[in-house]
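Q: Residue numbers (this note's numbering), protein chains in the order written: chain A, 1 to 480; chain B, 481 to 960; chain C, 961 to 1440; chain D, 1441 to 1920.
Here you go, one structure.
Protein chains: 4
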Amino acid sequence: MFRPTAAASALLALAVSTWVAGQAPAPAGALAAAIDAGQDRYARIAKQIWEFAELGYQENRSSALLQRTLADAGFTVRQGVAGMPTAFVASYGTGKPVVAIIGEFDALPGLSQAAGEAARQPVTAGAPGHACGHNLLGTASAAAAIAVRDWLAASGRSGTVRYYGAPAEEGGGGKVYMVREGLFSDVDAAIGWHPSDANSADSASTLATIAATFRFSGTASHAAVAPDRGRSALDGLEAFDYMLNLLREHVPQETRIHYVIKKGGVASNIVPDVAEGEYQARHPDMRVLQGIWDRILKAADGAALGTGTTVEHHVTMSYWNVLPNDTLAAVQHRNLVTVGGVHYSPDEQAFAERIRATLIGPAAALGSQAAIQPMKVGTVGAASTDLGDVSWVVPTVEVDAATFVPGVAPHTWQAVACAGSSIGIKGMLVAAKAMALTAGDLLANPDTLTAAKEEFVRRRGARYAYTTLAPERPPLEYRK
Amino acid sequence: MFRPTAAASALLALAVSTWVAGQAPAPAGALAAAIDAGQDRYARIAKQIWEFAELGYQENRSSALLQRTLADAGFTVRQGVAGMPTAFVASYGTGKPVVAIIGEFDALPGLSQAAGEAARQPVTAGAPGHACGHNLLGTASAAAAIAVRDWLAASGRSGTVRYYGAPAEEGGGGKVYMVREGLFSDVDAAIGWHPSDANSADSASTLATIAATFRFSGTASHAAVAPDRGRSALDGLEAFDYMLNLLREHVPQETRIHYVIKKGGVASNIVPDVAEGEYQARHPDMRVLQGIWDRILKAADGAALGTGTTVEHHVTMSYWNVLPNDTLAAVQHRNLVTVGGVHYSPDEQAFAERIRATLIGPAAALGSQAAIQPMKVGTVGAASTDLGDVSWVVPTVEVDAATFVPGVAPHTWQAVACAGSSIGIKGMLVAAKAMALTAGDLLANPDTLTAAKEEFVRRRGARYAYTTLAPERPPLEYRK
Amino acid sequence: MFRPTAAASALLALAVSTWVAGQAPAPAGALAAAIDAGQDRYARIAKQIWEFAELGYQENRSSALLQRTLADAGFTVRQGVAGMPTAFVASYGTGKPVVAIIGEFDALPGLSQAAGEAARQPVTAGAPGHACGHNLLGTASAAAAIAVRDWLAASGRSGTVRYYGAPAEEGGGGKVYMVREGLFSDVDAAIGWHPSDANSADSASTLATIAATFRFSGTASHAAVAPDRGRSALDGLEAFDYMLNLLREHVPQETRIHYVIKKGGVASNIVPDVAEGEYQARHPDMRVLQGIWDRILKAADGAALGTGTTVEHHVTMSYWNVLPNDTLAAVQHRNLVTVGGVHYSPDEQAFAERIRATLIGPAAALGSQAAIQPMKVGTVGAASTDLGDVSWVVPTVEVDAATFVPGVAPHTWQAVACAGSSIGIKGMLVAAKAMALTAGDLLANPDTLTAAKEEFVRRRGARYAYTTLAPERPPLEYRK
Amino acid sequence: MFRPTAAASALLALAVSTWVAGQAPAPAGALAAAIDAGQDRYARIAKQIWEFAELGYQENRSSALLQRTLADAGFTVRQGVAGMPTAFVASYGTGKPVVAIIGEFDALPGLSQAAGEAARQPVTAGAPGHACGHNLLGTASAAAAIAVRDWLAASGRSGTVRYYGAPAEEGGGGKVYMVREGLFSDVDAAIGWHPSDANSADSASTLATIAATFRFSGTASHAAVAPDRGRSALDGLEAFDYMLNLLREHVPQETRIHYVIKKGGVASNIVPDVAEGEYQARHPDMRVLQGIWDRILKAADGAALGTGTTVEHHVTMSYWNVLPNDTLAAVQHRNLVTVGGVHYSPDEQAFAERIRATLIGPAAALGSQAAIQPMKVGTVGAASTDLGDVSWVVPTVEVDAATFVPGVAPHTWQAVACAGSSIGIKGMLVAAKAMALTAGDLLANPDTLTAAKEEFVRRRGARYAYTTLAPERPPLEYRK
């Protein structure tokens, strides 16, 4: 993977920033004002999706609500794209450039939690909850897209703004199938965001990841009477695990390999004829990861061969690492600074303090939600996202906004509590404005898009062709 | 364990048989006739319990029906003994000798099957079924006890016959708790039987077994972001498994160790903080097995120590190997020969042929259900039973009767089909008569009991004291 | 493998014994007297070979001494047979029947010990010693062969007696190559013996065994700088071991699998590019063992595949289980009874008592060396011998004589001390006489040979064809 | 560990460099000239030590030659310090400051190679060779110390220059024992260097490392007859390995754990009673490493507990990571630039080209030996050195000089060929001059030492106390 040295990056970032500053800016004030004008409506939508709390590929009501909102605002909506009933593309405008804004709206299982409550209190025990704030995510992106549409309409400029309604980010990989379907083929830049406990816009990457179910099959037999006539599928799986653990020494140290066992036999007196686990590997570079994945498959084959069992695997997820783009990140960071952070009311401050009392370990200071973090270049986060796949077919930028109280991690009940409260809404509006400003800049300044595109081609290589190990069809049933 | 050579055993068996034959026999004809007279009633009871198909410790209706039957016949019933609501002891008569007949009545999960059907066809999909024929088991023992009672009553002899209603043989170990409670302390001999595909009475043993749940606990952590802050409970469990597999080389070859993994983590991106498996060990001698079990516990402790996790285990089952008794086996075998085997009607023959068409692999010839197998001495079966615990506190004998079509194994749907059909009833009556005759012999001939007791003391050792690793309280919830 | 039940065997043995007794016996007195007459000379030869203490395939002086002894007695000697410089066949007589007597003469590494000393005291520290008593073995067989030759010469009977000088029994497998070369193709019966701490002649078997060196190859790399560029051969080998340990559960319980690691890397900071171990498997039936061996090979292949290494293996040893022969064993046992056991002088008794003071654990009583053990039928010893291969191409019998003080195990310094003392010589003479008498019986009674041959064919099957996994050439360097 | 961000470091380095430049420089010209004047003599010494090629703790002649050289130049020599016969400290001057120059002189086993030969050609097959260039190392340091002494003597300044003759750097850890003995307690700065294929002076660290021999003990038994009576030491060791491989997931990713098996049993038919391996762990921070090491010990204990064996371990090596010092590195880098790189004659160029033809993989360009690499700050090399221990008790700096043809790695025969040739001598002189200039600067400018000391205290913490897991006595026999 192309990775500039830190020093080179700093210079580059400076240059880009200066250069961008020299161009005609988009009408930031108008765009932000349009979002402020709709803020009650957007708050209601976000709250509704928070209440729907629909799991991946089951986001029927959430998707419909967002589609309706965009259609009402003048967008043309194609629904059920790429074989996914809840995926859609909403488009406005004509011709080039084409700027995409990405929306997500799926919830997470088991994390139901009352909004604005600073203690664990499910709305419905065991039910899903928006612990990654995707209720805010999809809504902010819609707000940004509508603001841009209004500006395009008012100015009469050519150019297209699109909203990509991408389902099942949490493991289902909706964007992967949208990419494979070619839905981004004419897009010039993509803008995404993510709920967070801080405001930032970096030229950063993520870990590429591949996950699969491995299923070993053997021969059942009575474990006391005739163990010699059995072939233990669990032996196969444990031998696989053993060789994976040996493999750890012989892969680049940034690699991650992790697994759980989901089926390990039925009763101790029967030699298990089926054993199954979920396996996942990650690395900062998908092209390196694919080589590691090949070795993982060999470990599985070797385990089956060596234990007299058979093995088959089914890839459930394959996300590319995000290909960062310094050019776009510099624009996005400048706009985020323009928008500014999140300011709490006294009640919000009190809630934030109560939430923080439930956290363990060190965390960013309370108050940091009001600041914008310095732009980082060249870092690699440990998370993985299907936005990675988008970033290898179109120059992509992502911004984070402080929808969560500082210190609150995603995928916690605290995140659900924030995502359903006024704090979450405030962060959502920061993100909406920051994205709208960037989309405006890109539509207004073709040179920025050209520079972004040049950097994009240089980073991924000229002869790059997108491939993925993802399954042939979207795993629509993966949360059922 | 005392184990006579085959040749010595043959001589012994001959001698015992001859000697027994010299004693005053019980009125075999009267006992058998009493059972024949009640055969319709017993068939109805067996069929009802077959329909109840209640799992271990949940045999409320089955137990109540048998209690009522015995009470109606003049027995005094103590119910809910040894802390088990479905356990009971029914007693008739006064003074010595005291002969126990053992009854079981629990079904097996998931094996519901239509009676008399030669194809897989559940009555209720997923529901329990009498795949070990315990509906016949409990009923035949009641029939035998009642016949003996009638004879005692008619003859005016002193002596006591008892029926032990022992729940949850299939893993719950009802008899273990009855033994520990001291319910057998004044018993002179115990007689049991088991449904089978052949008629036999051997001086044979079983494998002692101990089973437990092992639960490893670690520290959860995000497997990509901070695997170094996690401690994988699954690592602990797999290291335990690894050392168990190493242990196999260094235990006596008759040992069995087997396990399944029941919990191996929730999602691949979280370091598992809990992992759990069911582990079982067996050996022909409980006293050797307890030493092996100590080493298994050390392997678990070593795995926890070496992986930074903790482990706890809960014994779920502990069954002694059956202590055989040549004296009693010789009596029981002679009586089984007297009773004779099972004879099929043309319809039954046709059904048997259809059932056999569904079997895989070699099997005893059809027709063998009419014969009595030669008595075997000194063999060790691979099964385990809680009758083993009874056999170490009182001289015990067990008989098998052909309730299943030859070739049908227990714990199959075919066994359920037979256990609910007339074939099962016929085998049940063979068992009932064989046990009644033996109980009669023992009550009539104190010398036989004395010889059996001397052999019993010689085999187990004079200073033997019963101990068990079984849990403090019966696992009443184990099937819930 | 054909295995008669114990009861059937006892009857068979009785019948054979009776029938044999009805035939014309060989001149037992003359044969025994011939051996007694040469006893000083045989004692000197045995002592010389004890002093040579030459390892497998290096028995140049020992082999030459025995060849000279036999040649001087009128045998025709073919030396260097089957590609082994120290192997030879010495033959006397013409025509049928042909009776083979087997001799061995290799020592064991590191077990040098002063003769007749009851404390550990090497003659030369680290040097080889005759801890399996093969100095006595080769000499007794020569004495027997010469006695038989003298009788044949005196009587003018037709018939041939052969001495097979078989090198490297201790792992080198000289007899395997002699068998493969067809050197036994015209032999009617083979007679062997082994030094022991008791006198016995059984119809018993041994464990078949296959042993091999497995060598894994990987890619070396600096273990700190670039472990990801290395492929650890030791990973391959340990994964192989892991799967072998899993395999233990799923082979018949009489199987043995054992291994040691001989090369496991050079320095901890280098990823090992070579790892090597010695692996051995055993089972009572070579034909079952070959199936298990195939699975062991698959485990090795699976380990290599799964760890990115390669593996090759070289079989170093392949010994068939001994195919017992009740007919021959009955003859041999009768002759052993005729010859009688070993009687100690007061000095020998004192030495024996001192030796026994160095032993640990239970042992046969002192004095038992004077008795002959009852004949056992159908047992399987845990040892392995290349006499097994002979036994599948010609009916074979083996006798043991008490050359060691009761309780002394082979392969100990105590065995070396006995093998070089007068006690060893006395046991040697028992063996020589017992074999001579049996050879005489077989040459005199063709019917016995016919019966032995019929049993032999029945046991091994009519379509049997000898095969072996042994290496193409004898491993002449295996002790260098 | 304190680790400045790259950007902060660049600024710091710039500031330090500027500030250092403002101080009174040492007489660089005079120091360099003194070394040039002695270059033939130093070349002879280096060549002699190259020929001695003595292993760690056996460097008797090498150490004596360097001691004599320093004594002849006016140094006072203490030999046999810290319990190591070949360690010494040579001192000149009085009072503060005290500047230490570090010398090493041990060779590596098995790497004998003809000097100036571009093909593998041992001088003596299997003999040691100077594959790490320590013949140059010890000599250059002596040349630098003598030049500084001459300047001190000529100028009459107060101050002390010391030469630390440190044996057995290659695993024996001579400096560890010198540090523990307190031999550096009054030293203000330490200067070391290392032969390399480039010229550089960085503020860089190394990996801390701990290595140990782990020995498992079990119970031997015949692996076929009584495997259940054995306890395999190899089981213990392989279970340890297994848990180490599991541990890899749960330590920081920069950690290294590597091992080889040195004893894994004697013969496959004996359950191994002893198994032994060499284990090594590394991490950029010794204080983190010690925590990891504790977990490794627990894995060993757990393996022993779980397999019924016992384990003991003996630490053979414990080296701290180098504590870098930006202040000293800036001074050293400036002086290295002043001295300049290595320039080849046509013959040397031709040799270099031939050597490069024997190399595999990418390498720095030929010609780069003439340049000085830019100073790096904050990097961590994968190597480990006992200079690390020195660096935690006194501010320390290290310089590399191009004694090897670009692309030649240490510990190769190519390195031996270079270390014995004129190319090696040229690099040695670069190092000698660079160190002399730095020692001069430090003696002349107390403020630099003060700044270095302040940085040193800040980095290691104020309450730091040196500890080491190294054995109580130097492992004087480790190469025997």
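Even for Gly, the Cβ is constructed at its ideal location relative to N, Cα and C.
Remember, predicted model here, so these are calculated numbers, not experimental data.
(1) Consult DSSP for Met564 of chain B and reduce its assignment to one of helix, strand or coil.
(2) Can you list, in chain order, the stretches of the beta strand (DSSP E) that have 3 or more residues and sit fully within the stretch 1328-1416 of chain C?
(3) Could you run through the stretch 237-251 of chain A and flag, in chain order, every residue whose CB is less than 7 Å away from some CB of chain C?
(4) Could you run through the stretch 1255-1276 of chain C and flag, in chain order, every residue whose CB is less than 8 Å away from some CB of chain A?
(5) Determine the direct distance from the alpha carbon of Ala719 of chain B to that of Leu1677 of chain D, and round the result to whole angstroms.
(6) Determine the chain B residues that contact Gly1670 of chain D at a beta-carbon separation under 7 Å, and present them in chain order.
(7) Measuring only the C-alpha atoms, how far is Pro1057 of chain C from Gly1119 of chain C?
(8) Thinking just about the alpha-carbon of each residue, which of B:Val768, B:Ala627, B:Ser748 and B:His763 is nearest to the one in Gln280 of chain A?
(9) Please determine, among A:Ala118, A:Gly116, A:Ala168 and A:Pro122, the residue with the shortest C-alpha to C-alpha distance to Gly138 of chain A.
(10) Could you list which residues in chain C have their beta carbon closer than 9 Å to that of Asp235 of chain A, in chain order?
(11) Taking the alpha carbon of Asp630 of chain B as the reference point, which residue from B:Pro608, B:Pro675 and B:Asp552 has its own alpha carbon closest?
(12) Does the stretch 658-676 of chain B come close enough to the stretch 831-841 of chain B that 3 or more CB-CB pairs lie under 8 Å?
(13) Smallest Cα separation from Leu1026 of chain C: which of C:Tyr1002, C:Tyr1017, C:Gln1018 and C:Val1041?
(14) What do you reckon, are the CB atoms on Glu1838 of chain D and Gly1632 of chain D nearer than 7 Å?
(15) On the three-state DSSP scale, how would you describe Arg1655 of chain D?
(16) Chain B partners of Gly521 of chain A, CB-CB under 7 Å?
(17) Measure the C-alpha to C-alpha separation of Ala1411 of chain C and Ala780 of chain B and round it to an integer number of angstroms.
(18) Would you list, in chain order, the members of the stretch 1121-1143 of chain C that have their beta-carbon closer than 7 Å to a beta-carbon of chain B?
(19) Name the residue from C:Asp1195, C:Ala992 and C:Ser1181 whose alpha carbon lies nearest to the alpha carbon of Ala1100 of chain C.
(20) Cβ of Ser1165 of chain C within 7 Å of Cβ of Val1337 of chain C?
(21) Spatial neighbours of Trp1733 of chain D within its chain, please: C-beta separation below 8 Å, excluding the five flanking residues on both sides.
(22) Go ahead and pull the three-state DSSP assignment for Pro195 of chain A.
(23) In the DSSP assignment, the alpha helix (DSSP H) including Val1234 of chain C goes from what residue to what residue?
(24) Can you tell me where the beta strand (DSSP E) holding Ile582 of chain B begins and where it ends?
(25) Kindly identify the DSSP beta-bridge partner or partners of Ser1160 of chain C.
(26) Do you know how far the Cα of Glu1019 of chain C is from the Cα of Val1711 of chain D?
(27) For Pro707 of chain B, return the contacting residues in chain D, with the cut-off set at a CB-CB distance below 7 Å.
(28) If you draw a straight line from the C-alpha of Ser421 of chain A to the C-alpha of Gly427 of chain A, how long is it?
(29) In chain order, what residues of the same chain lie with their CB nearer than 7 Å to the CB of Thr1173 of chain C, ignoring the 5 residues before and after it?
(30) First and last residue of the beta strand (DSSP E) that includes Val342 of chain A?
(31) Answer yes or no: do Arg836 of chain B and Gly887 of chain B have a C-beta to C-beta separation smaller than 7 Å?
A: Let me spell this out:
(1) Residue state, collapsed to three classes: coil.
(2) Counting only runs of 3 or more, we get 1337-1340 and 1356-1362.
(3) Result list: Ala239, Tyr242, Met243, Leu246, Glu249, His250 and Val251.
(4) Of all residues in the stretch 1255-1276 of chain C, Arg1255, Lys1258, Ala1259, Ala1260, Asp1261, Gly1262, Ala1263, Ala1264, Leu1265, Gly1266, Thr1267 and Gly1268 have a Cβ within less than 8 Å of some Cβ in chain A.
(5) Going by the C-alpha atoms only, they are around 13 Å apart.
(6) The answer, in chain order, is His730.
(7) Near 5 Å, if we compare the C-alpha coordinates of Gly1119 of chain C and Pro1057 of chain C.
(8) Of B:Val768, B:Ala627, B:Ser748 and B:His763, the residue nearest in Cα terms is B:Ser748.
(9) For Gly138 of chain A, the closest C-alpha among the options A:Ala118, A:Gly116, A:Ala168 and A:Pro122 is that of A:Ala168.
(10) Ordered by position in chain C, the residues that pass the 9 Å Cβ test against Asp235 of chain A are Met1203, Leu1206, Leu1207, Glu1209 and His1210.
(11) Nearest option by C-alpha distance: B:Asp552.
(12) Not touching, per the Cβ criterion.
(13) For Leu1026 of chain C, the nearest C-alpha among the options comes from C:Tyr1002.
(14) Against a cut-off of 7 Å, the Cβ pair of Gly1632 of chain D and Glu1838 of chain D comes out as a contact.
(15) DSSP places Arg1655 of chain D within a strand segment (E or B) once states are collapsed to three.
(16) Not covered by the structure: residue 521 of chain A. The range shown for chain A is 1 to 480.
(17) Approximately 57 Å between the Cα atoms of the pair.
(18) Close to chain B, meaning a Cβ-Cβ distance shorter than 7 Å, is no residue of the stretch 1121-1143 of chain C at all.
(19) The shortest C-alpha to C-alpha distance from Ala1100 of chain C to any of C:Asp1195, C:Ala992 and C:Ser1181 is the one to C:Ala992.
(20) No, these two residues do not count as a Cβ contact at 7 Å.
(21) Result list for Trp1733 of chain D: Ile1650, Ala1721 and Leu1909, in chain order.
(22) Of the three classes helix, strand and coil, the one that applies to Pro195 of chain A here is strand, per DSSP.
(23) Per DSSP, Val1234 of chain C belongs to no alpha helix (DSSP H); it is in the beta strand (DSSP E), Val1234 to His1243.
(24) Start and end: Val578 to Gly583.
(25) The partner list for Ser1160 of chain C (beta bridge, DSSP) reads C:Asp1360.
(26) Between Val1711 of chain D and Glu1019 of chain C, the C-alpha separation is close to 28 Å.
(27) The contacting residues are Glu1689 and His1690.
(28) In this structure, the straight-line span from the alpha carbon of Ser421 of chain A to that of Gly427 of chain A is close to 10 Å.
(29) The answer, listed in chain order, is Glu1236, Glu1238, His1273, His1274 and Thr1276.
(30) Run containing Val342 of chain A: none; DSSP gives neither H nor E here.
(31) The Cβ atoms of Arg836 of chain B and Gly887 of chain B sit closer than 7 Å to each other.
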